[in-house]
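Colleague: What follows is a single structure, and I will ask about it in a moment.
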Amino acid sequence: MFRLTDDLINREFFKPKFVDRLHLCSNCYSSFINYRETCPKCGSGDLVTENLIHHFVCAYVGPEHDFHSGDYLVCPKCNRMLRHIGVDYDKPSLVYTCRNCLNTFQEPNMEAFCFSCQKHNPVETLIDKQIYSFELTPIGEETALHGFGKEIKEELDLPGFITFTTFNIFLKYEIERAKNNNRLSSAGSLILSLADADRHKLGVGYSKLVTEIADFMKNATTSTDILSFINNNTFLIISPDSEPARLHNVLENIRQSLLKLLLSSLPNIHINLIIKAIPISGYKSHNEIIGELIML
């Protein structure tokens, strides 16, 4: 489960929000554990504790039971009565006694006993795990509604197109450029929208259709434009140092040309191509920009 959620965060389907931190058993990953002190000699948890007493006058230090004399505290070394804590004596620390082996010590071992698998874990071997609540990102919402795209599964290799992960890196870079240098760049999308019935008619020909659109886009854009394909129906583009109006005109020309070609080659299939072009500003995150581009 942890590996799955970590993978979805890395692929930016989930936006995590910190909730808590857990320590888990190193054997079974259970959080049902009990922290306890144990004897460093025999490992037993059957311990009793009492105060150490330090007598100021003679500097004797010993467990409190050594000083008990009826209702009074009397130093076993010099036989003087201890009356006032902080004046005659203090209690600097605790001393432990193991009931199993009678060992006396001041520093017990700490362990975490797992109730699920019965393992005795040294605390330094526990697995430290952060727990999050999750919110779907725009790309996560789109994927939940329409399934994983071919690019995300890395099953469809389009020449001239980069992976969505790499596309996000370029988008973040352009956002930082907009923040620091006041440079205007644009991002856009072309979404291939088909009715389910038409998609079914195409069958395996759908991949050929996507490839043909990808080739047309690659040839109709400049070498500095950055292209990606996600969710099996959405082409993304970053156009550095370009205004949204220019990118919109480029995408509109692509859309019109494609519709003419597809109308003649696929007369019985109703194809809708939706384009968007927006500025890349320093005020929006890459997830917000992607969300605007992929939402119908």
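Residue numbers (our numbering): 1 to 296.
Here a beta-carbon is modelled for each residue, glycine too, at the ideal position from N, C-alpha and C.
1) Do you know offhand how far residue 29's Cα is from residue 92's?
2) Return yes when the Cβ of residue 182 is within less than 8 Å of the Cβ of residue 12, no when it is not.
3) Taking Cβ positions, are residue 131 and residue 20 nearer each other than 8 Å?
4) Which residues mark the beginning and the end of the alpha helix (DSSP H) in which residue 35 is found?
5) Could you tell me which of 258, 253 and 56 sits nearest to residue 84, measuring between CA atoms?
6) I'd like to confirm the pairing. Which residues does DSSP put opposite residue 111 in its beta bridges?
7) Is the Cβ-Cβ distance between residue 119 and residue 27 less than 8 Å?
8) Please report the straight-line C-alpha distance between residue 42 and residue 113, rounded to a whole angstrom.
9) For residue 279 versus residue 186, is the C-beta distance shorter than 8 Å?
10) Considering only the alpha carbon of each residue, which of 48, 18 and 127 lies closest to residue 32?
11) Where do the N-terminal and C-terminal ends of the beta strand (DSSP E) with residue 17 fall, by residue?
12) Verify whether the separation of the beta carbon atoms of residue 299 and residue 100 is less than 8 Å.
13) Identify which residue in 209, 94 and 53 has its Cα closest to the Cα of residue 77.
14) With residue 130 as the anchor, note down where its beta strand (DSSP E) starts and where it stops.
15) Based on the DSSP secondary-structure assignment, which residues constitute the bridge partners of residue 276?
16) Using the C-alpha atoms, what's the distance from residue 45 back to residue 102?
17) What are the complete beta strand (DSSP E) segments, minimum 3 residues, inside the region 234-287?
18) For residue 135 versus residue 17, is the C-beta distance shorter than 8 Å?
19) Comparing C-alpha positions only, which one of 86, 38 and 105 sits nearest to residue 63?
20) Assign residue 277 to buried or exposed, taking buried as 16 or more other Cβ atoms, counted over all protein chains shown, within 10 Å of its Cβ.
21) Report, in whole angstroms, the separation of the C-beta atoms of residue 221 and residue 240, which I expect to be a contact under 8 Å.
Modeller: On the basis of the coordinates in this document:
1) For residue 29 and residue 92, the distance between alpha carbons rounds to 38 Å.
2) Going by C-beta atoms, residue 12 is not nearer than 8 Å to residue 182.
3) Taking 8 Å as the cut-off, the Cβ atoms of residue 131 and residue 20 count as close.
4) In the DSSP annotation of this structure, residue 35 is not part of any alpha helix (DSSP H); the continuous beta strand (DSSP E) holding it starts and ends at 33-38.
5) Taking each of 258, 253 and 56 in turn and checking the Cα distance to residue 84, the smallest one comes out for 56.
6) Per the DSSP secondary-structure output, residue 111 pairs in a beta bridge with 36 and 122.
7) Using a Cβ distance threshold of 8 Å, residue 119 and residue 27 count as a contacting pair.
8) Residue 42 and residue 113: Cα-Cα distance of roughly 16 Å.
9) Closer than 8 Å, so yes.
10) When only C-alpha atoms are compared, the closest one is 127.
11) Bounds of the beta strand (DSSP E) holding residue 17 are 14-24.
12) Nothing can be reported for residue 299: it is not among the residues displayed for the chain, which extend from 1 to 296.
13) Just measuring C-alpha positions, the residue of 209, 94 and 53 sitting nearest residue 77 is 53.
14) First-last of the beta strand (DSSP E) with residue 130: 127-136.
15) Answer is 189, bridged to residue 276.
16) Our two residues, residue 102 and residue 45, have alpha carbons roughly 12 Å apart in a direct line.
17) Note on the region 234-287: whole beta strand (DSSP E) runs with a minimum of 3 residues are 234-239 and 271-280, in chain order.
18) The Cβ-Cβ distance between residue 135 and residue 17 falls below 8 Å.
19) For the residues 86, 38 and 105, the minimum Cα distance to residue 63 belongs to 105.
20) Buried is the call here.
21) Actually they do not touch by this definition, with Cβ atoms about 12 Å apart.
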